[in-house]
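Position in the sequence shown (from 1) plus 58 gives the number in my numbering.
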Amino acid sequence: MSTLAVIHQGRQGYWLSAPALALYFGLLVIPLLLTLVLSFNVFDYSSGINSDAYTFDHYSSLLGDPYFYEIFLRTFWISALTTLLCVVIGVPEAYILSRMGAPWRSIFLILILTPLLISVVVRAFGWSLLLGADGLVNQTLQAFGGSPMKLLYTPFAVVIALVHVMLPFMIIPVWTSLQKLDPAAEQAALSLGASHLTVMRKVVLPQIMPGVLSGTLIVFGLAASSFAIPGLLGGRRIKMVATLIYDQYLSELNWPMGAAIAVALLLLNLLIMLSWNRMIEGRYKKSLG
């Protein structure tokens, strides 16, 4: 094949990728750049946004106010707890799912994926009905002689609803990794006298770690940027970063400050997720030699 033919084929590849690249830049890169520029615009409550003037005041306020530190800290510990619970629940569930035979595997896989077809807002309202002062949970407690508890508008309500919403995003990557696992490796370890717990810890878990890593990154990122569940189940008391951004944009009408908070959330999310990815990948490579 001549050099001109190779160059022609290479150009064809670029042209075929052009629609996807245009979509990527139009829907992701350009809006992010516009948000970044907006975060530096001067804002005044009497005149609004001045797009011709730029300032670092929004980032200075963000770094100097303990109020913002509290909200960011709350967002990340709730997201971390949600991720941990999804790992504890989702990994065993994915393992059980992978060991099921037909047709039960397909039935339970559909049951796991079906909630994704329902709006997050609808599911949040469902949890508010369950956890409310007169909800099913408190009615059950009273029926057994207990006193009603304040469950709604608490971190507990936000975490339990986030786990319910995010659990499929943990189960599916782990289940996909388990499909690549050779059952003969487990059988060989058992035949050599290893216990089931040792097999899980030494054989299964190191090999499904890429799926667990993918699941934790997806769950943490989605939980940290979640808006509907903190807004509906956390209320005004349990404010998270996404609800704070919403308030800045629509209540305060301070779009540059909202953009600055959004950029800070994105950067902190990337920093945490990249650090976690590097740490887990290092341990995964070490465990596999």
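Virtual Cβ for every residue (Gly too), placed ideally from N, Cα, C.
Secondary structure at residue i, three-state DSSP: helix, strand or coil?
i, result
"F101", "strand"
"A252", "coil"
"S109", "strand"
"L210", "coil"
"S333", "helix"
"F134", "helix"
"F126", "helix"
"K260", "helix"
"D240", "coil"
"S283", "coil"
"F278", "helix"
"F83", "helix"
"F114", "coil"
"Y72", "helix"
To the nearest angstrom, report how far apart residue i and residue j are at their CA atoms.
i, j, result
"I303", "D110", "23 Å"
"L143", "S105", "47 Å"
"I218", "F83", "36 Å"
"L220", "S253", "34 Å"
"L187", "G193", "5 Å"
"Q237", "S156", "7 Å"
"P231", "M224", "12 Å"
"L121", "N196", "41 Å"
"L85", "G293", "30 Å"
"F227", "I176", "15 Å"
"I168", "G159", "14 Å"
"G371", "T198", "Beyond the ends of the chain as shown, which are 59 and 347, falls residue 371; an answer cannot be given."
"M59", "T172", "Bear in mind that the predicted position of M59 carries a pLDDT of just 49, short of 50, making it too unreliable to give a figure here."
Please name the residue, chosen from the options, that lies closest to residue i on a Cα-to-Cα basis.
i, options, result
"V100", "V87, D115 and L91", "D115"
"A282", "I136, Q200 and D123", "I136"
"F183", "I287, Q200 and L239", "I287"
"V262", "P150, L225, L139 and F134", "P150"
"R336", "G316, M267, I129 and H222", "M267"
"L329", "A242, L275 and Y153", "L275"
"S97", "S333, S249, L280 and A320", "A320"
"L311", "D102, M331 and L81", "D102"
"L326", "G340, G279, Q200 and A80", "G279"
"P206", "G251, W185, G190 and V216", "G190"
Would residue i be called buried (16 or more neighbouring beta carbons within 10 Å of its own) or exposed?
i, result
"A322", "buried"
"W73", "exposed"
"W162", "exposed"
"Q245", "exposed"
"V87", "exposed"
"K297", "buried"
"I154", "exposed"
"L291", "buried"
"I229", "buried"
"G269", "buried"
"S53", "Here the chain covers residues 59 to 347 and nothing more, so residue 53 does not appear."
Give a yes or no on whether 8 Å exceeds the smallest Cβ distance from residue i to chain C.
i, result
"W334", "Looking for chain C here will not work: only one protein chain is present."
Counting only runs of 4+ residues fully inside the segment 148-208, write out the alpha helix (DSSP H) ranges in chain order. Entirely contained in the segment 148-208, the alpha helix (DSSP H) runs reaching 4 residues are, in chain order, 162-171, 178-189 and 194-201.
In the segment 293-326, which residue ranges form an unbroken alpha helix (DSSP H) of at least 4 residues, counting only runs that do not cross its ends? Counting whole runs of 4 or more residues, the segment 293-326 contains the alpha helix (DSSP H) stretches 299-304.
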